[in-house]
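In what follows, a structure is listed as structure tokens, so that the remarks can point back to it.
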Amino acid sequence: MIPVFAQDARPCDPPNSKKAEKLVKQAREDIKVRKFMPANAALKEAIELEPDYAEAYYLLGLINVKRIDYNVKAAETYLSKAIELCPQVDVYAYYYLGDIYFGAKKYDLAVKHFKEFLKDVDKIKNDKDYNDASEKYNTVRFFDKSLNAPVPFDPKPVRGVSSPLDEYLAIISPDNEMALYTRKIEYRQKAGWESSAKYIERFVFSKRLPNGDFDNGEFMPYPFNQQNNEGGATLTIDNRELFYTVCKTNTSNYLNCDIYTSKFEGGQWSEIKNLGANVNMPDNWETQPTVSSDGKTLYFVSDRKGGQGGYDLYKTTRDSNGVWSKAVNLGNAINTPGNERSPFIHTDSQTLYFASGDREGDDGQYYKGHQGFGGYDIFYTKMNDKGVWEKPKNIGFPINTEADEASFFVSTDGKTAYVASNKIKGGPGGWDLYYFELYPEARPEKVLFVKGEVKQQDNNEVVTEARVELKNAVTRKVTQIPVNKETGQYVAAIKFDADYILTVKKDDFAYESKYISEKDTAFEKPVAVDFEVKPIEKGKSYRINDINFETDKYDLNNQAKLIIEEFASFMNDNPHLEVEIQGHTDNVGNPDYNLFLSDDRARAVYDYLLKVGIDKKRVSFKGYGITRPIETNATEAGRARNRRTEFYIINK
100 MIPVFAQDAR
110 PCDPPNSKKA
120 EKLVKQARED
130 IKVRKFMPAN
140 AALKEAIELE
150 PDYAEAYYLL
160 GLINVKRIDY
170 NVKAAETYLS
180 KAIELCPQVD
190 VYAYYYLGDI
200 YFGAKKYDLA
210 VKHFKEFLKD
220 VDKIKNDKDY
230 NDASEKYNTV
240 RFFDKSLNAP
250 VPFDPKPVRG
260 VSSPLDEYLA
270 IISPDNEMAL
280 YTRKIEYRQK
290 AGWESSAKYI
300 ERFVFSKRLP
310 NGDFDNGEFM
320 PYPFNQQNNE
330 GGATLTIDNR
340 ELFYTVCKTN
350 TSNYLNCDIY
360 TSKFEGGQWS
370 EIKNLGANVN
380 MPDNWETQPT
390 VSSDGKTLYF
400 VSDRKGGQGG
410 YDLYKTTRDS
420 NGVWSKAVNL
430 GNAINTPGNE
440 RSPFIHTDSQ
450 TLYFASGDRE
460 GDDGQYYKGH
470 QGFGGYDIFY
480 TKMNDKGVWE
490 KPKNIGFPIN
500 TEADEASFFV
510 STDGKTAYVA
520 SNKIKGGPGG
530 WDLYYFELYP
540 EARPEKVLFV
550 KGEVKQQDNN
560 EVVTEARVEL
570 KNAVTRKVTQ
580 IPVNKETGQY
590 VAAIKFDADY
600 ILTVKKDDFA
610 YESKYISEKD
620 TAFEKPVAVD
630 FEVKPIEKGK
640 SYRINDINFE
650 TDKYDLNNQA
660 KLIIEEFASF
670 MNDNPHLEVE
680 IQGHTDNVGN
690 PDYNLFLSDD
700 RARAVYDYLL
710 KVGIDKKRVS
720 FKGYGITRPI
730 ETNATEAGRA
740 RNRRTEFYII
750 NK
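Numbering of the sequence shown is given in the numbering used here, commencing with residue 100 and proceeding in unit increments.
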């Protein structure tokens, strides 16, 4: 076949045989009234008379396209021959061949033929054909490009969670220690001497084992699993508030799904609570919730009226009183005339993953989702600095296939993705949960996940009314982190694009902080920072963490300056404090030299405190060298503890 791009404006040469021309004319009329057998015979006779008669070959191809017993191979042969003899034979030769190659998954050829068809708009009979070809052209271009550039994908079953039963609608807690998912189990009902089996969904949790796998799972305890269809959960980052779907049959025998919540308090889960009319509607499904890391925005799926398509994605926000706002549709950047399901908002709170697919409407028409490979495909989108969602991207082949892909989510560190599938080989059977390394382009923003607890050093009791602040070392933006009054625990997840200083504050308690460096932090696990705070007492010394000096130097680096600025804030919060900045060294080197060095380092801290506004009447400094060790100098760990900067309370 000659290249399809070789078309020129010259029409096909007329046949030399008048009889052949007459036979083709009659065949055209027969085809219009679907008299394919006489038309077929006439065209073959015409070709015997005129072997290079392009239109005869085109019409033979057309017959094979239109017949009920569609002969694809014959249609391809005749249409290709027609184009070879005369590229201008009929623009629809390219349309039909494009369709044939599309069906045969020869996407590169389909692209070329649909492109040729769409070039000659004036010869396209109607808008329907043009729109159909345009849609197919875009689809085959997408297929051709995607299949020739597959993304990395090496899935493995999540052991313990995956079983011979079906597991889906899964999540793993932000701290990576617990999995929540739906498992379909067989339930046998007895009726007299006989019993019948049916399958019901159970809401299940599995705990992470020391080897990295999960245990085999247990049913979630009361108040969960009181209905036959429960699951599709999401957790706040502290694992203490859960949102999930409960489906109940109402008085009209309609299975209605709503979103409920429960809180973990006093060692157990509270009674479940419906999120109310701002979120749930009486005659529509609300399902598959996913919550942002700050716990203030909940995304979910609903088929309510007024959306973009069938199932759409919505969001609701929680105010300071804990009230959820009236749900709003995410709009046509996310939602399509098709269906959108299985949303997952990453812990970065700005990367959204979801599934999209086509649907058949009540009117019998098909409505398109986002461009995919078939069934439900996974997409991702990111929110820009203006709060607008970017155009969703297909996550790529072979993660997405012609089958349904759903229940997709990503670990807090952004490196590991999970997907439920009944098509991937290697699982125990049915729908299983798989994990794989997510390629960099589809990963969320880098997140700092930090957690810990605040206790009083002397008695290990929970410190009530403590505040934890996280300050960006570059922007100086401060994030307030709630501390659980019952446990003293705190947890936060924020975009990690700089160093941070973590500070705990409480009235009449000493300054306590921890510096978190971006380059020194591993993101696979949460950063654990426990604070043991101490009351301010006159005549006592307190360490200032993470003020580090280079060997034999007393210059302040940017890290030290930020820490001193935070200490100055502590001084401003306690305006009656008078302190002495103390410098200490280990026993390595000359004692007299160490004494002078410690004094210079204490002076450097003192000078910077004055620079940032602390009254010199409230602060003094002194170096103590090796004279006041708090640990043995016989070990490196002990010497590291002895190299320190402290503040001593002169007056309070």
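Quick reminder that beta carbons are idealized off the backbone N, C-alpha and C, glycines included.
Would you list the residues sitting across from residue i in a DSSP beta bridge?
i: His599; result: It is worth fixing the name first, because residue 599 is Tyr in this sequence and not His. Bridge partners of Tyr599: Asn571, Ile615.
i: Val378; result: DSSP lists no partner for Val378.
i: Pro543; result: None, per the DSSP bridge assignment.
i: Val590; result: Lys550
i: Gly471; result: Bridge partners of Gly471: none, in fact.
i: Tyr70; result: Past the boundaries of the shown model lies residue 70; the chain is included only from 100 to 751, so the question cannot be answered.
i: Glu340; result: Lys362
Measuring alpha carbon to alpha carbon, tell me which of the options ends up nearest residue i.
i: Asp685; options: Lys716, Phe695, Leu708, Asn732; result: Asn732
i: Asn583; options: Val553, Arg642, Ala597, Ala609; result: Val553
i: Met319; options: Thr563, Asp629, Phe304, Asp312; result: Phe304
i: Gly526; options: Phe241, Glu459, Glu489, Lys255; result: Lys255
i: Asn750; options: Ala736, Leu696, Glu636, Asn420; result: Glu636
i: Phe313; options: Asp129, Val546, Ile271; result: Ile271
i: Gly474; options: Gly460, Asp462, Asn499, Asn483; result: Asn499
i: Tyr517; options: Asp219, Val260, Lys134; result: Val260
i: Thr238; options: Glu128, Lys204, Glu677, Pro263; result: Lys204
i: His675; options: Asp382, Arg717, Leu208, Asp654; result: Arg717
i: Phe135; options: Lys124, Lys165, Ile146; result: Lys165
i: Ile371; options: Gly330, Gly408, Ile523, Phe720; result: Gly330
i: Glu120; options: Lys131, Lys545, Asp151; result: Asp151
i: Phe252; options: Gly495, Ala126, Asp651; result: Gly495
i: Arg440; options: Lys395, Pro388, Met482, Tyr705; result: Pro388
i: Glu665; options: Asn310, Arg575, Asp691; result: Arg575
Quick check: the Cα distance between residue i and residue j, rounded to an integer number of angstroms?
i: Tyr614; j: Thr578; result: 15 Å
i: Asn355; j: Asn163; result: 49 Å
i: Tyr156; j: Ala141; result: 11 Å
i: Leu159; j: Leu217; result: 23 Å
i: Val422; j: Thr360; result: 13 Å
i: Gln658; j: Val711; result: 15 Å
i: Ile182; j: Ala153; result: 7 Å
i: Ile101; j: Leu122; result: A caution first: Ile101 carries a pLDDT of 41, below 50, which makes its placement in the model unreliable, though a value can still be read off. Going from the Cα of Ile101 to the Cα of Leu122 covers about 27 Å.
i: Tyr195; j: Lys283; result: 45 Å
i: Asp107; j: Leu148; result: Caution is warranted here: a pLDDT of 46 is assigned to Asp107, below 50, making its placement in the model unreliable, and the coordinate value is therefore given only provisionally. Cα to Cα, Asp107 sits roughly 26 Å from Leu148.
i: Val103; j: Lys224; result: Confidence is the limiting factor: at Val103 the pLDDT is only 45, short of 50, which leaves the residue's position unreliable, though a coordinate-based value still follows. Taking the straight line from one Cα to the other gives about 21 Å.
i: Lys660; j: Asn644; result: 12 Å
i: Val632; j: Phe507; result: 41 Å
i: Glu788; j: Asn310; result: Past the edges of the chain, shown from 100 to 751, lies residue 788, and the structure says nothing about it.
i: Glu568; j: Tyr280; result: 34 Å
i: Phe263; j: Phe242; result: Note on residue identity: the sequence assigns Pro, not Phe, to residue 263. Pro263 and Phe242: Cα-Cα distance of roughly 33 Å.
i: Ser616; j: Leu537; result: 25 Å
i: Tyr641; j: Tyr747; result: 6 Å
For the beta strand (DSSP E) that residue i lies in, which residues bound it at each end?
i: His683; result: 677 to 683
i: Asp457; result: Asp457 -> no beta strand (DSSP E), and no H or E assigned at all.
i: Phe43; result: With the chain running from 100 to 751 in the structure shown, residue 43 is simply not present.
i: Ala505; result: 505 to 509
i: Tyr193; result: No beta strand (DSSP E) holds Tyr193; the alpha helix (DSSP H) holding it covers 190 to 202.
i: Lys721; result: 718 to 722
i: Lys117; result: Per DSSP, Lys117 belongs to no beta strand (DSSP E); it is in the alpha helix (DSSP H), 117 to 131.
i: Ile444; result: 438 to 444
Cutting at 8 Å between CB atoms, please list the residues of its own chain near residue i, excluding the five before and the five after it.
i: Ala105; result: The predicted model places Ala105 with a pLDDT of 46, which falls under 50 and marks its position as unreliable; any figure quoted below should be read in that light. Excluding residues within five positions, the ones whose Cβ falls inside 8 Å are Pro186.
Quick one: what's got a C-beta closer than 6 Å to residue i's C-beta in the same chain, skipping five residues either side?
i: Pro273; result: Ile336, Thr446, Thr511
i: Ile713; result: Ala667, Met670
i: Leu451; result: Ile444, Thr480
i: Lys297; result: Tyr286
i: Gln588; result: Glu552
i: Gly316; result: Val303, Ser305
Could you give the first and the last residue of the continuous alpha helix (DSSP H) run that contains residue i?
i: Phe213; result: 206 to 218
i: Asn741; result: 735 to 741
i: Ala432; result: That residue, Ala432, is in no alpha helix (DSSP H); it is neither H nor E in DSSP.
i: Pro137; result: 135 to 148
i: Ile162; result: 153 to 165
i: Asn657; result: 657 to 672
Cutting at 7 Å between CB atoms, please list the residues of its own chain near residue i, excluding the five before and the five after it.
i: Asp457; result: Gly437, Tyr465, Tyr466, Lys467, Gly468
i: Tyr723; result: Gln681, Gly682, His683, Ser697
i: Val427; result: Tyr413, Lys414
i: Asn689; result: none
i: Pro137; result: Asp129
i: Lys347; result: Gln326, Asn355
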